[in-house]
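Data first, discussion second: the structure below is written as structure tokens.
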Amino acid sequence: MEMETNYVAVAAGEEMGPTRTIARSWIRKVADGGECGSSFTAFPPKPAAHGGATPLRFPSRRQPKPRLLLRNVSKFCVRPSLLLTVLLGFTKDPYPNIREVALDGLVELSSCIVVEDQSLIEGCYFRAVELLFDCEDSVRRSAVCAVSEWGRLLVACNQDQSKKEWSDTVFVQLCSMVRDMDMKLRVVAFDALGKIRMVSEDILLQTLCKKALPATKEKTYCGQLTAKLRTLPASAAAFAFVHGLEDEFHEVRRSACRSLCMLTAVSAEFASEAVNILMDMLNDDSVVVRLQALETIHFMAISDHLKVEEAHLHMFLGTLLDRSDSIRSTARNTLQLIKLRNLAMFRLGIDALMKNLEFYPQDEADLFLVIFKLGRTHGKFVGSIIREVFQELEPSFEGKLAFDNARTVALLVLAISVPVSFERRICTVPPQTFSYAVIQLGRISRGLFDVVNQDTLLAYLSYCSRFSLVSASEFFKGEEPALQLEKRNDLLCQKSNDTSEAHLTSPLLDCLANLHDRVTSCAKIVLRKISDIWRLIELGCMGEVIQTLRSWKEELSKFTSDSSQTVGVLAFALQYIHVIKLLGKVWTRILSSRNLRYHGIGVLEVLLGKIDKRLQDMWYRFIGLSREEELHLLEIMLLSCVLRLSYLETFNFEASLKKICTISSRVENLCKEEAIELSNFILDLQKLLCEIGNSSDGVFENIYLLQKSLKSFSLRQIVLSGEIKHLEAELNVRDNDFQNPLPFILGLPVGIPFEITLYNLTSEKRLWLTMTVDGTSPQFVFLDLHEFEGCDEIRKFTFVAPFYGTPRVTYFSLKVCIAMECLSEDVQLFKDYEGPKPELSFLCKEIEVHLSTPVK
Amino acid sequence: MAIECLVLGAGQEVGKSCVVVTINDKKIMFDCGMHMGYLDHRRYPDFSLISKSGDFTNSLTCIVVTHFHLDHIGALPYFTEVCGYNGPIYMTYPTKALAPLMLEDYRKVMVDRRGEEEQFSSEQILECMKKVTAVDLKQTVQVDKDLQIRAYYAGHVLGAAMFYARVGDVAIVYTGDYNMTPDRHLGAAQIDRLQLDLVITESTYATTYRDSKYAREREFLKAVHKCVAGGGKVLIPTFALGRAQELCMLLDDYWERMNLKVPIYFSAGLTVQANMYYKMLINWTSQKVKDTYATRNAFDFKHVCSFDRSLINAPGPCVLFATPGMISGGFSLEVFKQWAPYEGNLVTLPGYCVAGTVGHRLMSAKTPAQINIDQDTQIDVRCQIHQLSFSPHTDAKGILDLVKFLSPKHVILVHGEKPKMATLKEKIQSQMGIQCFDPANNETVSIPSTHYVKAVASDALLQSSLSPNLKFIRKCSERGSDFGGLDARTKPGLKVFR
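Below, the structure is given as structure tokens:
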């Protein structure tokens, strides 16, 4: 079934018929929301870029989204049915930009209307399919999105067999686009492929094989292979993923890798085929791609779809020696999940870990844990390995202990893992090994911190060293201290499952949720519980509150995480707890001291200053905050402003009030957009602001009113969306300390080589190095991120920054930090009125660089 | 009107690529190559078919050369200097820079070593290159009033391009040699979606379906790593341009990542010079090289140092790149003689070796073997041998992908072997419904061309179009007859049918 849309207009090149002009201006109005919403008028129309013939501006993808318009459809009195017709009509426009916008409109429309008529969906879908063969890159790109979205609807409205059929159809259709010449399109196509949840195994296998497989050879689907060919053979999917993984652009490779990750959950056989090529991806030259490939493998290991052959190990274990920390750590995390089938493979694994230890001693603690865990899961191999290397462990005849050697300690860790092995075999490790391990107790327990605490470890070691044959179960008598922390995790997770309203439906999503760790859910629970604490604060029980918050903080900081998402969530949670603690302190101070005016003011000012600083940090250094989270932060900001106004800045009433009004109107806008109810506090405050605006009362009455409004504040629950990313930086100067200063010459500029690592910073962000000598104003050096290699997630480089103001001394130290300009959106909450530069937010801890004139 | 396509070379064979396309009286010669397999008149295309009188300058509009390989450019000095063609010649900047080197190298080998009759002199090569106009990628060149040409990136070798040519409404693309999967050092072919009447494509691997490049890389790296880890020496004989850089980048990257300290050597000479060209022509390389260029030129290899003869027998492992690729003589043979007798060493061989070279004999030999280099010298080969399978040509899937992407009205296959081309031709016709030809040498294919007729809309039509007629028809019932009720609520001027 197909729907056809005919659109008659004069398609005479440059000459624009009046009709199209009208229609276009209409589409533009709709797209811009130019006539109605006050929030949209901020964008003045620019002159048209394409030829002189069109006086109108067409919305490009970055400008106000049709989504906004579609939310406001009621205001335009446009029914979705009409909108759909118009959009479909314009997909045939001779002007490519119009076609593109029309397709984008269709994409947005698909997400906010409910269509029951399958033929309608089919109509839109096939219209989008037709445009996959457009001459213009941008149109094709939008068409891919449209095919993906309308395909999703199409799949959703079918049942059982036809559902499968349609899902395959959409998948193959998208696969046919991955060989397009436009890079961005390929990225979009792979992203779209990753969204498909149901694909038959034959097709998936075909995407890894170049020749048509017998199972898919004869199959055809409804769709288009070329502009003219109206059937879509299943072989169009051939090699799709391999092409993506071989692509010239790392964006495409990464996207392909990610989609592959999603699809390996669908079929075990596909996963076992895919692992061959994924192992090769570990040889990629881009760090991001290697990392994504490792994460994909990690995910496969979790979903139990990973079968590692000996041939793979060579490539995989190579990543343990990678230069990048995050890759090594992900590789280790994956390795501990892998089941190594025979002794040779296990030996390879242990050897690689030992090499890792040798080349990168800084990984020691983490390595010990991995070795321990690996030993636990492969108990029967450990015995034979330990027997071989036992010579190394024995103290030599001169009585010298070789225990300082990291390798020896690592072997000890391996040895002591045997009795707790899951295989419950009788331990074949010589008992003296355990005594040797006691000598290195501190070092080992630092590594095994996550599994067992030092005391338990000591008890365990001394117990094991007593017998020549030990079995762990005797010692632990049923209880397993080794799994302490993991159990605690489970408990927390269980709780989260009980309380969480959002149920994850498909098993795949469950798996994915697992992947992003229990960490996130723990953080979420803690955050959810914080709102309960507010009552305690109101009662003035600050002691208990601080204790609770501290224990939560400790709990959270125990997690070390490697995935960027969990890092973001953790950092956010910690910051948030801190803010609440500060807020609590302020609150009790206000509650308790009657003579605040004489005593507490200074402290209050410091506390509020800290709160503001923290909030600013949270506002600018986390990306991916949802509207609710933003709203929550804004509300606390508002609270801090009101506190400041009513207790500190009474002299500066007007200006402070203005600030409050700005934030409050923003809160209101946000609430409206998301249809969230305003809290009592804000409602009260708004009423109050109105009153203050209208009344002619004196400042003191108003302040009294404001103080009263504080009473209605109560902390709302914050629910994290889990997509938060933390903007972070690491700064380091190699081999520089007080004793090894860098040389400089009096009065001349000096170049300082900084090793910089940036996390989640897009190249649009404006970063500065601030360098300060005590008592002088800082010098700023701009870091142009376009200049440096790497991707937005992680960017690591060395940068030689000049410092000009060397003082006339023989020795000085320089305080250096990386700061980011807080130039976000149109809100200028923190903007100083006098300073020409926007506010800076510091992304790392300040480091000290020591410089001295060379000694002759 | 029709497009006449005269295949002078590379028709159902590989070698002496040369196709003359006539569109509306414009005659364009694509490539002007020589056949390396013949030494008689067959080595050049039969130019007499273009013009009986021999007045090539007037009968040809221009010559377009896609890249610097001799089977695409070898006959150019002969055609311009000996046959007397004096019209415009177009090629990309890198091709113009590198072509004289290749031609001069060839001339030297032919004349100085084999003592053959000189086909063209060094001066003639230089004279010929003076007539060349260099073009940039995606730069549209107006050859004359009617003819436009434009180059697109083709991968394959440095500076290789596909050419788009347009006369009036007729447009064609000549691909030359191209690669659809990116290398380490070169990108994949890149072209816009154009409205085309004809695509003339190479079909070297018309029936080959190559596996992922990662498998090839892995095999290679594993072999090399294993050898150096065991203290052996690796000899990689390569051609100076292309493979050498590709493999070197691969190794350099791997060395960096694995923290290996074993030295990699480049034998001096052409290879070093070639690296210099690569450094200069960075814009023609792969995305990765371009990306890292801001911080570091990818051809400034970190772990590579130049080789000295005294190092041949120095102890310890090393990796050495040496020319020529097929160990037919020169430095690579010299080193081979020294290293081959030891079991720990490794020699890699390029994917294709000409019969008669040491490389060719090694391909079929099983170690340990005895190989006679000449009457007096016999080498006891005990080292390991690894055959490389890197190729800069696209495979069948790549050709089909390109044809599918461009969706032209007709396809002509050249530069391939006859039976394989026939298979591919069949596939293109059946799978894509595009008419396809595989002409032999000196055959002419004639295909109809597009011609657009200009139509003017009358004022009345313009008037009536003031109200757009957005029809929304359901095809399930009889087409066009099932117009539902008119939506009464629409604004005037917008009529919606359901």
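For the protein sequence lines, the chains are L and Y, in the order given.
All residue numbers for the first sequence refer to the UniProt record's numbering, where the first residue is 1 and numbers rise by one.
All residue numbers for the second sequence refer to the UniProt record's numbering, where the first residue is 1 and numbers rise by one.
For glycine and all other residues, C-beta sits at the position ideal for the given N, C-alpha and C.
Quick caveat: nothing in here was measured; it's all calculated off a predicted structure.
For this session: Name, in chain order, the residues that DSSP records as bridge partners for HIS726 of chain L.
Result: Walking along the first sequence from the start, residue 726 of chain L turns up at place 726. L:PHE622, per the DSSP bridge assignment.
Exercise. Taking Cβ-Cβ distances shorter than 8 Å, what residues in chain L pair up with GLN190 of chain Y?
Worked result: Mapped onto the second sequence, residue 190 of chain Y falls at position 190. In chain order: MET181.
Exercise. Touching or not, the segment 156 to 173 of chain Y and the segment 197 to 215 of chain Y, by the rule of three or more beta carbon pairs under 8 Å?
Worked result: yes
Exercise. Hey, which unbroken runs of the alpha helix (DSSP H) at 4 residues or more fall wholly within the segment 646 to 684 of chain L?
Worked result: 653 to 674
For this session: In the DSSP assignment, find the beta strand (DSSP E) that holds LYS26 of chain Y and state where it starts and stops.
Result: Within the second sequence, numbered from 1, the residue matching residue 26 of chain Y stands at position 26. Residues 26 to 30.
Exercise. In this structure, does DSSP put ALA460 of chain Y in helix, strand or coil?
Worked result: Counting from 1 along the second sequence, the entry for residue 460 of chain Y is found at position 460. ALA460 of chain Y falls in the helix class under three-state DSSP.
Problem set entry | LEU769 of chain L: first and last residue of the uninterrupted alpha helix (DSSP H) it sits in | Along the first sequence, one-based indexing puts residue 769 of chain L at 769. Premise fails: LEU769 of chain L lies in the beta strand (DSSP E), 767 to 773, not in any alpha helix (DSSP H).
Exercise. From Y:LEU8, Y:VAL289, Y:ILE28, Y:SER59, pick the residue whose C-alpha is nearest to that of VAL143 of chain Y; which is it?
Worked result: If you number the second sequence from 1, residue 143 of chain Y lands on position 143. The option with the nearest alpha carbon to VAL143 of chain Y is Y:ILE28.
Exercise. Which two residues bound the contiguous alpha helix (DSSP H) that contains LYS290 of chain Y?
Worked result: Looking up residue 290 of chain Y in the second sequence gives position 290. It spans 287 to 292 - the alpha helix (DSSP H) in which LYS290 of chain Y sits, taken as one unbroken run.
Exercise. Taking the C-alpha atoms as reference points, what is the distance between SER119 of chain L and SER389 of chain Y?
Worked result: Reading the first sequence from its first residue, position 119 is the one you call residue 119 of chain L. Reading the second sequence from its first residue, position 389 is the one you call residue 389 of chain Y. Rounded to the nearest angstrom, the two C-alpha atoms are 51 Å apart.
For this session: Go through the UniProt domain "Beta-Casp" (244 to 362) of chain Y residue by residue and report every complete run of the alpha helix (DSSP H) that reaches 4 residues or more, in order.
Result: 270 to 280, 287 to 292, 330 to 339
For this session: Please decide whether THR226 of chain L counts as near chain Y, where near means a Cβ-Cβ distance under 7 Å.
Result: Reading the first sequence from its first residue, position 226 is the one you call residue 226 of chain L. Taking Cβ atoms only, chain Y reaches closer than 7 Å to THR226 of chain L, which makes this a yes.
Exercise. Is the shortest distance between the beta-carbon of GLU787 of chain L and the beta-carbons of chain Y less than 7 Å?
Worked result: Counting from 1 along the first sequence, the entry for residue 787 of chain L is found at position 787. Yes, GLU787 of chain L lies at the interface with chain Y (some Cβ there is under 7 Å from its Cβ).
Exercise. In terms of residue numbering, what span does the beta strand (DSSP E) encompassing LEU783 of chain L cover?
Worked result: Sequence index remark: in the first sequence, residue 783 of chain L carries index 783 (1-based). Start and end: 779 to 783.
Problem set entry | Alpha carbon of VAL114 of chain L to alpha carbon of LEU103 of chain L, nearest angstrom | The count along the first sequence starts at 1 and reaches residue 114 of chain L at position 114. The count along the first sequence starts at 1 and reaches residue 103 of chain L at position 103. Roughly 18 Å separates the two Cα atoms.
Exercise. Chain Y beta carbons: is any one of them nearer than 7 Å to that of ASP285 of chain L?
Worked result: Counted from its first residue, the first sequence places residue 285 of chain L at position 285. It does; some Cβ of chain Y falls within 7 Å.
Exercise. With distances taken between CB atoms, is the gap from CYS844 of chain L to GLU730 of chain L smaller than 7 Å?
Worked result: Your numbering for residue 844 of chain L matches position 844 in the first sequence. Your numbering for residue 730 of chain L matches position 730 in the first sequence. Yes, they are a contact pair.
Exercise. ASP300 of chain Y: buried (16+ other C-beta within 10 angstroms of its C-beta) or exposed?
Worked result: Here residue 300 of chain Y refers to the residue found at position 300 of the second sequence. Burial call: exposed.
Problem set entry | Inter-residue spacing [alpha-carbon to alpha-carbon] between LYS210 of chain L and TYR205 of chain Y | Residue mapping note: residue 210 of chain L aligns to position 210 of the first sequence, counting from 1. Residue mapping note: residue 205 of chain Y aligns to position 205 of the second sequence, counting from 1. Straight-line Cα distance between these residues: approximately 14 Å.
Problem set entry | Range of the contiguous alpha helix (DSSP H) that encloses GLY11 of chain Y | To locate residue 11 of chain Y, count along the second sequence from 1; it is residue 11. Where GLY11 of chain Y is concerned, there is no enclosing alpha helix (DSSP H), given that its DSSP letter is neither H nor E.
For this session: List the residues of chain L whose Cβ lies closer than 8 Å to the Cβ of GLY33 of chain Y, in chain order.
Result: The sequence position of residue 33 of chain Y within the second sequence is 33, counting from 1. Those do not exist, as GLY33 of chain Y stays about 27 Å from chain L at its closest Cβ, beyond 8 Å.
Exercise. Any idea if GLY15 of chain Y is buried or exposed, counting beta-carbon neighbours within 10 angstroms, 16 or more meaning buried?
Worked result: Taking the first residue of the second sequence as position 1, residue 15 of chain Y is located at position 15. Under this definition GLY15 of chain Y is a buried residue.
Problem set entry | Reduced DSSP category for CYS844 of chain L - H, G, I as helix; E, B as strand; rest coil | The residue labelled residue 844 of chain L in the question sits at position 844 within the first sequence. DSSP places CYS844 of chain L in coil when its eight states are reduced to three.
For this session: Answer with yes or no whether the minimum CB distance from ARG187 of chain Y to chain L is below 7 Å.
Result: Taking the second sequence and counting its residues from 1, the one referred to as residue 187 of chain Y is at position 187. Inspection of the sequence shows that residue 187 of chain Y is occupied by Gly rather than by Arg. Taking Cβ atoms only, chain L reaches closer than 7 Å to GLY187 of chain Y, which makes this a yes.
For this session: Using a Cβ-Cβ cut-off of 7 Å, state whether SER17 of chain Y counts as contacting chain L.
Result: Indexing the second sequence from 1 puts residue 17 of chain Y at position 17. Judged by the 7 Å Cβ criterion, SER17 of chain Y is not in contact with chain L.
Problem set entry | Delimiting residues of the alpha helix (DSSP H) encompassing PRO419 of chain Y | As a first step, residue 419 of chain Y must be located in the second sequence, where it is residue number 419. Where PRO419 of chain Y is concerned, the enclosing alpha helix (DSSP H) stretches over 418 to 432.
Exercise. Name the chain Y residues that come within less than 8 Å of ASP280 of chain L, Cβ to Cβ?
Worked result: As a first step, residue 280 of chain L is located in the first sequence; it is residue number 280 there, counting from the start. Residues of chain Y passing the Cβ test: SER212, TYR214, ALA215, GLU217, ARG218.
Exercise. Rounded to a whole number of angstroms, what is the C-alpha to C-alpha distance between THR770 of chain L and THR853 of chain L?
Worked result: Here residue 770 of chain L refers to the residue found at position 770 of the first sequence. Here residue 853 of chain L refers to the residue found at position 853 of the first sequence. Taking the straight line joining both Cα atoms gives about 22 Å.
Exercise. Thinking just about the alpha-carbon of each residue, which of Y:PRO100, Y:TYR93, Y:TYR78, Y:LEU137 is nearest to the one in GLN119 of chain Y?
Worked result: Locating residue 119 of chain Y in the second sequence gives position 119, where the first residue counts as 1. For the residues Y:PRO100, Y:TYR93, Y:TYR78, Y:LEU137, the minimum Cα distance to GLN119 of chain Y belongs to Y:TYR78.
Exercise. Along the segment 229 to 246 of chain L, what residues have a CB closer than 8 Å to any CB found in chain Y?
Worked result: LEU229, PRO233, ALA238, PHE239, VAL242, HIS243, LEU245, GLU246
Problem set entry | Per-residue contacts from ALA355 of chain Y into chain L (C-beta, under 7 Å) | In the second sequence, counting from the first residue as 1, residue 355 of chain Y sits at position 355. The contacting residues do not exist; ALA355 of chain Y stays about 30 Å from chain L at best.
Exercise. Opposite TYR205 of chain Y in the DSSP bridges: which residues?
Worked result: Here residue 205 of chain Y corresponds to residue number 205 of the second sequence, with the count starting at 1. According to DSSP, which records beta bridges pairwise, TYR205 of chain Y is partnered with Y:ASP395.
Exercise. What residues in the segment 306 to 322 of chain L bring their beta carbon closer than 8 Å to a beta carbon of chain Y?
Worked result: HIS314, MET315, GLY318, LEU321, ASP322
Exercise. What residues in its chain sit with their C-beta under 6 Å from that of LEU87 of chain L, if we drop five residues either side in the sequence?
Worked result: In the first sequence, the residue the question calls residue 87 of chain L occupies position 87. So the list reads ALA102, GLY105, LEU106, once near-sequence residues are dropped.
For this session: Specify, as a first and last residue, the run of the alpha helix (DSSP H) that PRO80 of chain L falls within.
Result: Start at 1 with the first residue of the first sequence, and residue 80 of chain L comes out as number 80. First-last of the alpha helix (DSSP H) with PRO80 of chain L: 80 to 90.
Exercise. Between LEU116 of chain Y and the rest of its own chain, which residues show a CB-CB distance below 6 Å, the 5 nearest in sequence each way excluded?
Worked result: Position 116 of the second sequence holds residue 116 of chain Y. A small fix is needed here, since residue 116 of chain Y is Glu in this sequence, not Leu. Correct list, in chain order: MET110.
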